[in-house]
Structures are given as C-alpha cells and as structure tokens.
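Trainee: Below is a structure I'd like to ask you about.
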Amino acid sequence: NVHTPIIEGTYNYFPMFHHRVDLVHSHPLHTFYGFRKKMIRVLFSTIVLLIPPCCSYFLNLPTFPSTGKRNVSVKMASSPKRIFCYGDSLTAGSSPPLDPLFPYGPHLEQELNQSLQSSALSSSSSSSSSESESGVVVRWRGLPGWTASAMVEYMNDSTIGLRSALDAIRNPSISIVIILAGTNDIGSITSSMFDSRNSDLDESNNNNMESVKLVMDPIVRLHKTCLDCIGDRGRKDMQTLAVGIPGSAWQERNSNAAQLCADVNDALRQFAASEERVTYTDFPFLYQSDDIKWSSDGLHLSPEGYETLGKCLAQSVKEMCMEK
1170 NVHTPIIEGT YNYFPMFHHR VDLVHSHPLH TFYGFRKKMI RVLFSTIVLL IPPCCSYFLN
1230 LPTFPSTGKR NVSVKMASSP KRIFCYGDSL TAGSSPPLDP LFPYGPHLEQ ELNQSLQSSA
1290 LSSSSSSSSS ESESGVVVRW RGLPGWTASA MVEYMNDSTI GLRSALDAIR NPSISIVIIL
1350 AGTNDIGSIT SSMFDSRNSD LDESNNNNME SVKLVMDPIV RLHKTCLDCI GDRGRKDMQT
1410 LAVGIPGSAW QERNSNAAQL CADVNDALRQ FAASEERVTY TDFPFLYQSD DIKWSSDGLH
1470 LSPEGYETLG KCLAQSVKEM CMEK
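For the sequence shown, my numbering begins at 1170 and goes up steadily by one.
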C-alpha cells in the first residue's frame, strides 16, 4: 500500500513588524491618505516576508535554515554542509505499532555536529575551525511503502520527487545525499516467488539475476540523478551514500528474499566502486527478532534502532567529507 509521504523541513519564520501609525491633527483627507499609504507599506512588507515560508509549506519542500549572510560573495566553506536523506519508511522513521515517526536524520545531524565541535576543541589552529563553525544541517524525505521504482517514476514531482528537492535547495546546494531504498522492492518481487530450495538451480539463478536488475536499476537512477545535479559552483560535485538494504523477518522466512537482498547489496557495492562520488556502506546492524533496535513487525526499526542508524551513518558521512 502506498501511504502519504512524510516530508520534513524547517521553515524560516519572520518576526512580526509593528508599525506605529501616528494620527496628527491635520486635514481629514491628509490624515486618511497618510494612514492608507502606511497601511499599504505594512501589508506589502508582510506579504513579501510570508512568500518564502508559504511556498515551502504548500510545496512540501524540505527547507534548510538560512545562514544569515546577505553577502553572496561569502565563501562556500562559511555555509553549513547540507545533507539530504531520501528513501522509504526507514528514512521517514516508521516504527509500528507506534504512531509517531522516529527518523534517523536528527541523530545523524547531532552526531556530526558533536564530532565537529570536538574536533574544533582539540585543534588550536584557527584555520581548521571554519568547518566546525559552518556545521552540518540534515533534512530528509521518507516515503513509507514506496519502492525505488515508484520513486523514479515520480522523480520530478514537486512534492515528493528527488530531483525537485535537489533543484530547490540552493545557496548552498546539497553536499551529500543518503539513499536507503529497495526493501519494498524486494518484498514486492519475492512475495509471489516459490522458495528457491524447492526449484531448479539454473532457473533460480536466472530468475534471481532478473530480480536483481529490477531492484538495482531504479536505485542506480536515483544516485545518478544526484550525480548529474549541477551545484552552486556550476559543476557536478554532489556525493551520494548508498546504504545497504537491511535484513528482516521476511528474509528469515523466505530464502529468495534473503538471497536477493544479499545480491542487490553486492551489486550496490560494485556500483559504488565504479563511481568516484558514490560510497557504499552496509546497513550497520543485522536483523534479530529479540534485538531492541527492531520493531515488532520485523521490518521497521524501533526508536532506539533509528538512533543507532543515524549515529552509525555519521562515520561514513565524516569520511566522505574528509575525502572531498
């Protein structure tokens, strides 16, 4: 089932401007026209200030806080690094039977910024502190129930599409995109398969190769969309982090699903090795039914699991930042 997409972002609110209108003793028409001019100026200012947050709200775009700098000639190093997480319910933070969402994004941001602060405190060189001053801002867009192929199909959609988000976030543009997708593709493909232990080996291998391609092709397209994005500097310099598909209770019961997951992760690893700006990392922990990091449904993570995921991914992101 396709659920309503979960989209996170902060909006830049503006303080209300209080304009005092002084009514002086003069000709009634002068007083009226003076009052009207002042009210028009107040109304115009309010409309202009409300346009950015309103547009962000109605378009459901994940927005980043302003750097507070008006000078466009400021170097990019003085702006925060922007990281965008894109994927399915594991990015949104679904944790049945709990209703709230527990995305890993905030934990990733907190871990990265704490690491930067620690590095700044341990370093006495002022030249090495520009990175820590800029900080890291993480935003995410999770689509519960969505397959990677559906994400590609709606890539240009203004409310949920990956490309629309990449194009909307500028000054500075996104540095790293983390893509965690494929779990629903594997479930959809293997739900109608017979157990491979009871089928012919050659036929099973052929079917598995076709299934790997069905899962891999849309994931690769998501990554290449990011790689083809032209940033603020006028060049393609965006990096992506491919997170391996995690295990699940379904994979423990279905050998086809387990094998397909392993093969897709191998293919993702090979794809990352062939692309300079793509990094692969295994999902940081295995599925275990008695592990508190997993939800009772055997598919999603618990709040503790999402926290662990965010903290673990921080190490890969830090390494990517240093390599760049």
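For glycine and all other residues, C-beta sits at the position ideal for the given N, C-alpha and C.
Here the structure is a predicted model, which means the values were calculated and not measured.
Taking the continuous alpha helix (DSSP H) assigned at C1430, which residues delimit it?
Mentor: Segment 1424-1443, the alpha helix (DSSP H) holding C1430.
Trainee: Using only the alpha-carbon positions, how far apart do L1335 and T1409 sit?
Mentor: When rounded, the distance between both Cα atoms is 12 Å.
Trainee: How big is the Cα-Cα spacing for A1411 and P1341?
Mentor: Distance between the alpha carbons of A1411 and P1341: 22 Å.
Trainee: Classify A1442 as buried or exposed, calling it buried when 16 or more other Cβ atoms lie within 10 Å of its own Cβ.
Mentor: The residue is exposed, with fewer than 16 neighbouring Cβ atoms inside 10 Å.
Trainee: Buried or exposed for E1492, going by 16 or more other Cβ atoms inside 10 Å?
Mentor: So E1492 counts as exposed.
Trainee: Leaving aside the five residues before and after C1481 along the sequence, list all residues of the same chain whose C-beta is less than 6 Å from its C-beta, in chain order.
Mentor: Taken in chain order, the residues that qualify are P1453.
Trainee: Under the DSSP definition of a beta bridge, which residues are partnered with S1264?
Mentor: Beta-bridge pairing links S1264 to L1267.
Trainee: Counting only the same chain and skipping the five closest in sequence on each side, list residues whose C-beta sits under 6 Å from that of G1479.
Mentor: Contacts found: Y1273, H1276, L1277.
Trainee: Rounded to whole angstroms, what's the CA-CA distance from I1388 to T1316? Just pull it up for me.
Mentor: Their backbone Cα atoms lie some 9 Å apart in a straight line.
Trainee: Sort out for me which residues DSSP pairs I1348 with in a bridge.
Mentor: Answer is Y1255, A1411, bridged to I1348.
Trainee: Roughly how many whole angstroms lie between the Cα atoms of Q1283 and A1483?
Mentor: Going from the Cα of Q1283 to the Cα of A1483 covers about 10 Å.
Trainee: What number of angstroms, rounded off, separates the C-alpha of D1268 from the C-alpha of G1403?
Mentor: Each residue's Cα considered, the two are about 42 Å apart.
Trainee: In whole angstroms, give me the CA-to-CA distance for S1465 and V1433.
Mentor: So the two alpha carbons sit approximately 25 Å from each other.
Trainee: Per DSSP, G1474 is paired with what?
Mentor: In DSSP, G1474 forms no bridge with anything.
Trainee: Less than 8 Å between the CB atoms is what I'm expecting for L1468 and S1424, so what's the real figure, rounded?
Mentor: About 17 Å separates the two Cβ atoms, so there is no contact after all.
Trainee: For L1383, which residues from the same chain have a beta carbon less than 8 Å from its beta carbon, with the 5 sequence-adjacent residues on both sides left out?
Mentor: S1318, D1354, I1358, listed in sequence order.
Trainee: Here's the rule: buried if 16 or more other CB atoms are within 10 angstroms of the residue's CB, otherwise exposed. What is S1287?
Mentor: It counts as exposed.
Trainee: DSSP puts W1315 in a beta bridge; with which residues?
Mentor: According to DSSP, W1315 bridges with nothing at all.
Trainee: If I follow the unbroken alpha helix (DSSP H) through D1333, where does it start and stop?
Mentor: The question names Asp, but residue 1333 in the sequence shown is Ser. Here the alpha helix (DSSP H) through S1333 covers 1331-1337.
Trainee: What does DSSP give as the partner residues of K1250 in its beta bridges?
Mentor: Paired residue(s): V1305.
Trainee: Please go through the same chain and pick out, in chain order, the residues whose beta-carbon is closer than 7 Å to the beta-carbon of V1346, but skip the five residues on each side of it.
Mentor: Once the five neighbours on either side are set aside, the close Cβ partners of V1346 are F1253, Y1255, C1395, M1407, T1409.
Trainee: Can you check DSSP and say which residues form a bridge with T1448?
Mentor: Answer is L1410, bridged to T1448.
Trainee: If you drop the 5 nearest sequence neighbours on each side, which residues of the same chain put their C-beta closer than 6 Å to that of G1413?
Mentor: Cβ neighbours of G1413 beyond the five flanking positions: N1434, D1451, F1452.
Trainee: Excluding sequence positions up to five away, which residues of its chain have a Cβ less than 7 Å from the Cβ of D1326?
Mentor: Counting only Cβ-Cβ distances below 7 Å, and skipping sequence neighbours, we find S1333.
Trainee: Is the separation between the beta-carbon of S1115 and that of S1471 shorter than 8 Å?
Mentor: The requested residue 1115 is not part of the displayed model; the chain covers only 1170 to 1493.
Trainee: So if DSSP puts R1390 in a beta bridge, which residue, or which two residues, is it bridged to?
Mentor: Answer is none; R1390 lacks a bridge partner.
Trainee: In the DSSP output, what is W1463 paired with across the bridge?
Mentor: In the DSSP output, where bridge partners are listed per residue, W1463 has L1470.
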